[in-house]
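Numbering (my numbering), first residue to last: 859 to 1196.
We treat Cβ as the ideally placed atom computed from N, Cα and C, and that holds for glycine.
Small disclaimer: the values here were computed from a predicted structure and weren't measured.
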């Protein structure tokens, strides 16, 4: 049977997921769309045979022709649509962030706990990337001993004009925040942000930044956040253990040696670097629903925890001090790490 999906938000990421579900993935069809830009929604729907254009996300979620929901709308609207999906008892895949405030994320967690079954998955795609999965497998195997540190870099060629200094934490490093919780299977307990010399390429933006996270087990993670580095989109990660190290490998299929130089292509942006991870992420979500089980990817709890750590990171950036991370007690619904 085909899973009938409704998509809330038909902007760039919404259209990319629709392309994915209609041309790449199996067992799914897009039956409904909605967007605040009605004309865009209509144009997208015109390419989807039989798809209905709804006037609101709530109407789409209530549609009996929609089995599950993908939320790709503006971040501040995520809470209302995720809560509506929970109330309707429908599985919902929500692009990050789960919600834009700790309080909103808490309300989603509480609603799902009251429902009694996991319905929410959050779009943290790094967990589905082949390189990150291979790195985690090495860490989990014990081959390099107990992890002591992890060094990360998150580098963008450039960012749009509306990008703020806080965005470096809330929009960029939030992927590392979720990734390291998953990589080590434990929570982040405190954060600091160090401010290096400012790049001339960043304009008024403070760029780069160094985010330092303390893990519950004692490991330290540092994340270099450089968002105007010009040369491309470059993601790096190396875990330092007691007995060795493990790092993400180079992803380029070709290296060119010419004129005394060695060169390899660098991805242009996040879509190119994590294209396959997005495919796997949604396919595994679709498959989990088809088998009747709960989603197995990042949960509402993971979305909540990422929001709390992000808030602490913003506070550390603004105040220049180490900030403790305080999470509410983890409900039994989320006891099994996702």
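Contiguous alpha helix (DSSP H) assignments of at least 4 residues, all confined to the region 1111 to 1152 | Within the region 1111 to 1152, the complete alpha helix (DSSP H) runs of at least 4 residues are 1128 to 1131 and 1133 to 1148.
### Query
Any contact of the region 1015 to 1028 with the region 1139 to 1149, i.e. 3+ C-beta pairs under 8 Å?
Segments in contact, no.
### Message
Once DSSP output is grouped into helix, strand and coil, what is the label at residue 1087?
### Response
Assigned with DSSP and collapsed to three states, residue 1087 falls in coil, not helix or strand.
| query | In three-state terms, what does DSSP make of residue 935? | reply | Residue 935 falls in the helix class under three-state DSSP.
- Give every residue of the same chain whose Cβ lies closer than 8 Å to the Cβ of residue 941, excluding the five residues on either side of it in the sequence, and list them in chain order. Apart from the 5 residues on each side of it in sequence, residue 941 sits with its Cβ closer than 8 Å to the Cβ of 965, 966 and 969 in its chain, given in chain order.
- Would you tell me roughly how many angstroms separate the C-alpha atoms of residue 1195 and residue 1053, rounded to the nearest one? With a pLDDT of only 47 at residue 1195, under the threshold of 50, the placement of this residue in the model should not be trusted; the figure read from the coordinates follows. Their Cα atoms are separated by approximately 33 Å.
Burial state of residue 1003, where buried means 16 or more other Cβ atoms lie within 10 Å:
The residue is exposed, with fewer than 16 neighbouring Cβ atoms inside 10 Å.
Quick one: give me the first and last residue of the beta strand (DSSP E) that residue 862 is part of.
Residues 861 to 866.
What are the uninterrupted segments assigned as beta strand (DSSP E) that are 3 or more residues long and contained completely in the region 881 to 942, given in chain order? Within the region 881 to 942, the complete beta strand (DSSP E) segments at least 3 residues long are 886 to 892 and 926 to 929, listed from N- to C-terminus.
*Tell me which same chain residues have a C-beta within less than 7 Å of the C-beta of residue 996, skipping the five on either side of it?*
A distance below 7 Å between beta-carbons, with the five flanking residues on each side excluded, links residue 996 to the following residues of its chain, in chain order: 1002 and 1104.
Does the distance from the C-beta atom of residue 1034 to that of residue 980 stay below 9 Å? Contact flag unset, no.
**Request:** Using beta-carbon positions only, say whether residue 1139 and residue 1091 come within less than 9 Å of one another.
**Result:** At least 9 Å separates the beta-carbon of residue 1139 from that of residue 1091.
Cβ neighbours of residue 1064 in the same chain (closer than 7 Å, five flanking residues each side left out): Around residue 1064: 1023, 1053 and 1056.
Cα separation between residue 949 and residue 1036?
-> About 21 Å.
TODO: Would you mind giving the Cβ-Cβ distance between residue 978 and residue 926, rounded to the nearest angstrom? I have them listed as a contact below 8 Å.
DONE: Their Cβ separation, rounded to whole angstroms, is 11 Å, which puts residue 978 and residue 926 out of contact at 8 Å.
Quiz item: Bridge partners of residue 953, per DSSP?
Solution: Beta-bridge annotation (DSSP): residue 953 is paired with 981.
Within this structure, are the beta carbons of residue 900 and residue 888 separated by less than 9 Å?
Contact flag unset, no.
Along the chain, where does the beta strand (DSSP E) containing residue 1072 start, and where does it finish? From DSSP, the beta strand (DSSP E) with residue 1072 extends over 1067 to 1073.
Practice prompt. From the DSSP output, in three-state form, read off residue 1002 for me.
Written response: Reduced to three states, the DSSP call for residue 1002 is coil.
**Item:** Presumed contact (8 Å Cβ cut-off) between residue 939 and residue 923, rounded CB distance
**Value:** For a cut-off of 8 Å, the C-beta gap from residue 939 to residue 923 is around 17 Å, too long to register as a contact.
**Message:** Quick test of your reading: residue 1094 and residue 1109, contact by CB under 8 Å. State the CB separation rounded to the nearest angstrom.
**Reply:** Residue 1109 and residue 1094 do not touch by the CB rule: their CB atoms are close to 11 Å apart, not below 8 Å.
Alpha-carbon to alpha-carbon, residue 944 and residue 1007: In this structure, the alpha-carbon of residue 1007 lies about 38 Å from that of residue 944.
Q) Since residue 956 contacts residue 1161 with CB under 8 Å, what's their CB separation in whole angstroms? A) Confirmed, about 3 Å.
Distance check for residue 1066 and residue 1050, CA to CA, integer angstroms please.
Spanning the alpha carbons of residue 1050 and residue 1066 requires a straight line of approximately 14 Å.
Near residue 865, what residues of its chain come up, given a Cβ to Cβ distance below 7 Å and the 5 sequence neighbours on each side ignored?
872, 875, 876, 888, 891, 928 and 930, listed in sequence order.
Those residues which DSSP pairs with residue 1009 across a bridge = BP columns for residue 1009 point to 1080 and 1096.
Exercise. Considering only the beta carbon of each residue, do residue 1170 and residue 959 sit closer than 9 Å?
Worked result: For the pair residue 1170 and residue 959, the CB atoms are not nearer than the 9 Å cut-off.
Give the secondary structure of residue 1050 by DSSP, where H, G and I count as helix, E and B as strand, and everything else as coil.
-> Residue state, collapsed to three classes: strand.
Item to complete: Going by CA-CA distance only, name the one from 999, 952 and 936 that's closest to residue 1102.
Response: Of the listed residues, the one whose Cα sits closest to residue 1102 is 999.
Checklist entry - Hey, out of 905, 898 and 1069, whose CA is closest to residue 881's CA? => result The shortest Cα separation from residue 881 among 905, 898 and 1069 belongs to 905.
### Query
Is the beta carbon of residue 1040 less than 9 Å from the beta carbon of residue 994?
Cβ atoms of residue 1040 and residue 994: closer than 9 Å.
**Prompt:** Residues in its own chain within less than 7 Å of residue 886 by CB, not counting five upstream and five downstream?
**Reply:** Take residue 886, set aside five residues on each side of it, and the residues of its chain with a beta-carbon closer than 7 Å to its own are 860, 861, 863, 879 and 1144, in chain order.
When the distance is taken between beta carbons, is residue 1073 closer than 9 Å to residue 1044? Taking 9 Å as the Cβ cut-off, residue 1044 and residue 1073 qualify as a contacting pair.
| message | So, with DSSP's three-state summary, where would you put residue 1103? | response | Looking at residue 1103 - three-state DSSP - the assignment turns out to be strand.
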